[in-house]
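With the UniProt record's numbering applied, the sequence shown corresponds to residues 1 to 443, in that order.
We put the CB at the ideal spot given by N, CA and C, even for glycine.
Predicted model, so just to flag it, every value in this text is computed and none were measured.
Comments concern the structure below.
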Amino acid sequence: MKEYKGSRYNHFVRLQGGIFDYIAGNAYSGNIMLADNELIDLLQNCDQKGLKYVRKYNRDLFAYLIENGYLVDAAINELDLVRIKFGASKYSKNNMHLTIVPTDKCNLGCIYCYENKSVGSRMSKNTIERIKRFVKDGINDLSSFEVTWYGGEPLLEIEAIEEMSKYFIDLANTNNVTYSANMITNGTLLSEELVNILLRLKINYLQITVDGIKDIHDSRRFYGLNNEGSFCDIINALKICLGKIKVGIRVNVDKTNITRYHELMDYFYQEKIIGPNCENVVSLGLVKDWTGSVMMNKDNMFSFDEFRFWSSDLKKILSRNNMAQHNCAEFNPKSPCGAVSVSNYLITPRGDLKKCWIHVTGKDGIVGNLNKGVDLGRLDAVKWLSYDPTSDEKCSECSLLPICAGGCPYDMMTKPDRKEEYCKYIAKYYEGVLADAVLLDNK
């Protein structure tokens with residue numbers, strides 16, 4: 001008879017009060033259940049005598065625990081399963097995701113921008129044609145193809161976006177490939193006409209940042225030419241998008257604007273920019289000095305733990321008002337960041353291939369070019385494509401590995417001294433996610 005053991009990816013959070021003692025999540029399956037002390041003891045210790053008893057006298061429970069991943073075959077090394085799953089995602093050529101930067105110019109001068117402002121190039125006709133060839137050469141292997149339009153401010157080059165998008169759509173249709181697209185934009189250039197163009201180009205999701213009510217936002221995100229605020233233009237853009245295109249509203253927070261972000265949520269709700277009948281989602285963004293070039297005072301930036309507190313606060317506000325939350329909070333298994341995938345690239349205006357958005361400007365992070373593809377003679381290419389969180393000692397022992405997926409590869413590779421802080425943040429964060437799951441289920 002096959003023997004079973006408790007999954008190494010079971011994660012337990014003690015509850016205060018109520019009928020049940022714990023909430024139990026399994027990070028590999030993504031399942032969540034309520035449990036009493038007796039069941040938790042069984043899963044933690046996996047005494048074979050106890051398991052045989054449950055198997056004999058409570059077959060439904062035993063079957064449930066196996067089906068939902070809490071009990072696994074005693075002979076299986078679950079870390080190998082995670083390694084296989086991560087590897088399948090990393091080396092799959094079925095799904096291509098390109099982040100295309102038609103220009104690294106921007107019309108705003110945000111105080112925490114990490115991009116190199118000494119550059120300001122736009123994509124040439126030659127580079128556009130090379131991108132088309134690059135996609136055409138790989139289309140036969142694909143089942144899906146996704147593009148993220150990024151910048152700079154991508155809408156400064158809407159003609160280039162139109163040309164490439166129409167080509168991608170036709171190519172995908174001809175080859176029976178699913179095509180989708182989204183855009184990271186500051187929103188200042190959006191108009192009704194432009195939103196309709198984006199929809200025709202299958203750009204169905206936008207990320208737009210608003211950092212606070214007018215006086216707060218305008219002190220942080222202003223036009224580069226005249227230092228005038230951008231708040232009114234962005235709010236107008238959000239209203240134009242309502243009912244047409246879904247927007248993920250990002251609020252970048254630090255110690256200088258956090259105390260008044262509740263006012264922004266109230267304003268959004270009053271203006272019907274968010275609400276129970278609205279598709280838009282809101283999330284907080286952690287301001288960080290990614291590249292060492294951010295103008296902002298580093299003492300005003302949050303630690304991971306401080307940021308977790310305010311993220312939890314936002315979830316409570318949105319939940320109270322039945323408003324949409326960014327779905328990154330779900331207790332679901334994930335693949336590592338797409339930057340480590342062989343089918344995921346950022347393409348600069350000059351046609352360089354890179355892996356991470358942090359390297360959007362400058363010469364850092366180049367892994368190849370559109371003509372020859374990835375150059376394994378480059379250290380950056382080897383570094384990104386060989387990244388494997390399952391080989392990290394701390395990650396390999398962690399019960400949350402399947403949903404954390406090792407965190408941000410850039411952070412882990414460049415700031416290993418922050419790993420302990422990040423791991424504590426992740427553990428606390430997902431404890432909150434599990435607790436929230438109970439609260440939402442009981443609403």
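Legend entry - Alpha carbon of Asp-299 to alpha carbon of Leu-284, nearest angstrom: 19 Å
Legend entry - Residue span of the beta strand (DSSP E) that contains Trp-384, given as start and end: Premise fails: Trp-384 lies in the alpha helix (DSSP H), 379-385, not in any beta strand (DSSP E).
Legend entry - Candidates Ile-317, Tyr-422, Leu-376 and Cys-423, of which the one nearest Asp-436 by Cα: Ile-317
Legend entry - Cys-14: first and last residue of the uninterrupted beta strand (DSSP E) it sits in: It should be noted that the sequence gives Arg, not Cys, for residue 14. Run containing Arg-14: 10-14, per the beta strand (DSSP E) assignment.
Inset, instruction - May I ask which residues mark the beginning and end of the alpha helix (DSSP H) holding Ser-311? - result: 304-320
Inset, instruction - Output yes or no for whether 8 Å exceeds the beta carbon distance between Gly-150 and Ile-213. - result: For clarity, residue 150 is Tyr in the given sequence; the question names Gly instead. Not in contact: Tyr-150 and Ile-213 (Cβ atoms no closer than 8 Å).
Inset, instruction - Evaluate Lys-355 with the Cβ neighbour count: other Cβ atoms within 10 Å of its Cβ, from every protein chain shown; 16 or more gives buried, anything less gives exposed. - result: buried
Legend entry - Enclosing alpha helix (DSSP H) for Ala-172 [first to last residue]: 158-174
Legend entry - Residues that Glu-146 bridges to, as DSSP identifies them: His-97 and Ser-180
Inset, instruction - Run the CB neighbour count on Lys-443, radius 10 Å, all protein chains shown included, and call it buried at 16 or more, exposed below. - result: Here the model assigns Lys-443 a pLDDT of 49, short of 50, so the residue's position is not dependable and the matter cannot be decided.
Legend entry - Nearest residue (CA-CA) to Asn-176, options Ser-165, Leu-190, Ser-92 and Ser-143: Ser-143
Legend entry - Of the listed residues Val-13, Tyr-70, Leu-34 and Val-210, nearest to Leu-43 (C-alpha basis): Tyr-70
Inset, instruction - Enumerate in chain order the residues of its own chain whose CB-to-CB distance from His-359 is below 6 Å, with the five nearest sequence positions on each side excluded. - result: Gly-365
Legend entry - Simplified DSSP state of residue 451, which is helix, strand or coil: Only positions 1 to 443 of the chain appear in the structure, and residue 451 is not among them; the question remains open.
Legend entry - Same chain, Cβ closer than 6 Å to Glu-279, five either side skipped, listed in chain order: Lys-246
Inset, instruction - Go to Met-33, then tell me how far its alpha helix (DSSP H) extends in each direction, as first and last residue. - result: Careful: Met-33 lies outside any alpha helix (DSSP H), inside the beta strand (DSSP E) at 31-35.
Legend entry - Contact check, Asp-392 vs Gly-406, beta carbons under 8 Å: yes
Inset, instruction - Using three-state DSSP, classify Gly-50 as helix, strand or coil. - result: helix
Inset, instruction - For Cys-408, count neighbouring Cβ atoms within 10 angstroms of its own Cβ and tell me buried if that reaches 16, exposed if not. - result: buried
Legend entry - Cβ separation of Lys-105 and Leu-156, assumed to be a contact under 8 Å, to the nearest whole Å: 6 Å
Legend entry - Same chain, Cβ closer than 6 Å to Ile-403, neighbours up to 5 away in sequence not counted: Ala-27, Pro-333 and Lys-334
Inset, instruction - Decide if Ile-274 is buried, meaning its Cβ has at least 16 other Cβ atoms within 10 Å, or exposed. - result: buried
Legend entry - Given Phe-20 as reference, the closest of Tyr-9, Glu-38, Lys-5 and His-11 once Cα atoms are compared: Glu-38
Inset, instruction - In the DSSP assignment, find the beta strand (DSSP E) that holds Asp-352 and state where it starts and stops. - result: 352-354
Inset, instruction - Evaluate contact between the stretch 197-211 and the stretch 249-265, counting only Cβ atoms and requiring at least three cross-stretch pairs below 8 Å. - result: yes
Inset, instruction - Inspect the CB distances between the stretch 253-263 and the stretch 224-240 and report whether three or more fall short of 8 Å. - result: no
Legend entry - Boundaries of the alpha helix (DSSP H) in which Asp-141 is found, first to last residue: No alpha helix (DSSP H) contains Asp-141, which DSSP labels as neither H nor E.
Legend entry - contact_flag[the stretch 293-312, the stretch 4-17] where n(CB pairs < 8 Å) is 3 or more: no
Legend entry - Beta-carbon gap between Ile-203 and Glu-163 smaller than 8 Å: no
Legend entry - C-beta atoms of Leu-206 and Thr-178 nearer than 8 Å: no
Legend entry - Start-to-end residues for the beta strand (DSSP E) that takes in Thr-209: 203-209
Legend entry - Backbone CA spacing between Asn-327 and Val-135 [nearest angstrom]: Because Asn-327 sits at a pLDDT of 44, beneath the cut-off of 50, its placement in the model cannot be relied upon, and the following sentence gives the value as read from the coordinates. Approximately 30 Å between the Cα atoms of the pair.
Inset, instruction - Please work out which residues of its chain come closer than 6 Å, Cβ to Cβ, to Leu-225, disregarding the five sequence neighbours upstream and downstream, and give them in chain order. - result: none
Inset, instruction - Following the continuous beta strand (DSSP E) through Asn-107, name the residue where it begins and the one where it ends. - result: Asn-107 -> no beta strand (DSSP E), and no H or E assigned at all.
Legend entry - Cα-Cα separation, Asn-173 to Ile-32: 39 Å
Legend entry - Contact with chain D by Val-294, beta-carbon distance below 8 Å: This model lacks chain D altogether; it includes just one protein chain.
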